[in-house]
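Per my numbering, residue 60 is the first one in the sequence shown, and the count goes up by one each step. Backbone N, C-alpha and C define an ideal beta-carbon position, used for all residues, glycine too.
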Amino acid sequence: MVKKIYEAIQFIQTKTSMRPPTGVILGSGLGSFAAEIKAEIEIPYADIPHFPVSTVEGHQGKLIFGRIDDKPVVAMAGRFHFYEGYEIQDVVFPVQVMKFLGVKNLLVSNAAGATNLDYIVGDLMVITDHISLFAPNPLVGRNDPDLGPRFPDMSEPYKKKLINLSKEIAKKNNISLREGVYVGVTGPTFETRAEYKMIRVLGGDAVGMSTVQEVIIANHMGMSVFGISVISDVGIRHEENIITHEEVLKAASEAEPKLTLIFKEMVRQL
């Protein structure tokens with residue numbers, strides 16, 4: 060794995076010498092933040108050795124190096140999912156590459172379905188913790204100490220200092236934030252009514268098909284993580300409430316300006 064990481068880095072370094080301290084992963088329908096970056100170079104995933112290629116609608120599929128004001132940043136416009144058929148190590152590979160490129164802070168976004176009955180479509184939920192029992196752990200197998208410890212601590216997977224920073228930014232800009240627990244599942248099916256109920260009983264406020272594996276790897280490698288979910292649907296609360304991916308993308312895009320503002324200000328202040 061380390062050999063693959065270095066091969067990817069060597070290629071990227073032929074394109075740019077930037078070593079940004081902050082990395083951003085943009086979820087389904089949440090690509091507008093990329094337009095706020097003064098890009099120095101955009102590298103298609105297909106060009107980078109060992110990178111998978113995103114197959115999901117709403118994911119652009121490129122690595123963007125640039126600046127927000129004077130702050131260097133690298134953004135993944137589109138991520139990879141286990142349900143696309145990738146090995147779990149492929150899903151998290153870009154996070155490992157980011158770390159070796161110098162990223163210390165990782166900002167992660169996703170579109171998620173609410174299991175908390177108080178949430179409505181368009182809410183922003185700061186992720187305070189997650190439950191990953193339903194998705195494969197990317198650290199299963201032989202551990203490479205050059206990447207991180209065998210048994211990484213996960214008592215604070217989402218850093219409180221970054222959560223507090225996001226709340227300060229939201230308050231100054233009159234943006235309402237929820238705080239809750241994100242539950243990661245494999246997908247690609249949306250959850251059954253019984254599954255939504257189970258997740259709610261377990262303590263989950265929102266559910267999605269990404270993020271937890273990336274966050275596990277980021278913590279394994281000593282990165283500080285901030286995560287936020289756009290509530291794009293409210294689960295199956297009524298018999299007639301059928302969820303589609305198109306509705307998820309629409310809800311995400313409508314909430315996107317608020318998320319973009321928070322991410323921009325966080326990048327400026329980190």
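By the Cβ test, the segment 200 to 214 is not in contact with the segment 224 to 240, since fewer than three Cβ pairs between them sit closer than 8 Å.
A direct Cα-to-Cα measurement between residue 283 and residue 276 gives close to 11 Å. Counting along the chain, residue 287 sits inside no alpha helix (DSSP H); it lies in the beta strand (DSSP E) bounded by residues 283 to 292. With a 10 Å radius around the Cβ and a threshold of 16 neighbouring Cβ atoms, residue 72 comes out exposed. The Cβ atoms of residue 172 and residue 267 lie closer than 8 Å to each other. For residue 164, the three-state secondary structure derived from DSSP is strand. The count of Cβ pairs closer than 8 Å, one atom from the segment 254 to 272 and one from the segment 159 to 177, reaches three, so the stretches are in contact. Taking C-beta atoms under 8 Å as the contact rule, residue 135 and residue 100 fail to qualify, at a distance of about 14 Å. Going by beta carbons, residue 290 and residue 179 fall inside the 8 Å limit. Where residue 85 is concerned, the enclosing beta strand (DSSP E) starts and stops at 81 to 85.
Between the alpha carbons of residue 272 and residue 150 lies a distance of about 8 Å. Within its own chain, the residues whose Cβ lies closer than 8 Å to the Cβ of residue 96, once the five positions on either side in sequence are excluded, are 123, 125, 126, 127, 132 and 134, listed in chain order. The continuous beta strand (DSSP E) containing residue 191 extends over residues 183 to 193. The way I'd put it, the segment 155 to 167 does touch the segment 64 to 71; three or more beta-carbon pairs between them come closer than 8 Å.
Under DSSP, the beta-bridge partners assigned to residue 170 are 289. Between residue 251 and residue 258, the alpha-carbon positions lie close to 11 Å from each other.
A straight line joining the alpha-carbon of residue 181 with that of residue 293 spans about 10 Å. When beta bridges are read from the DSSP output, residue 241 appears opposite 189 and 265.
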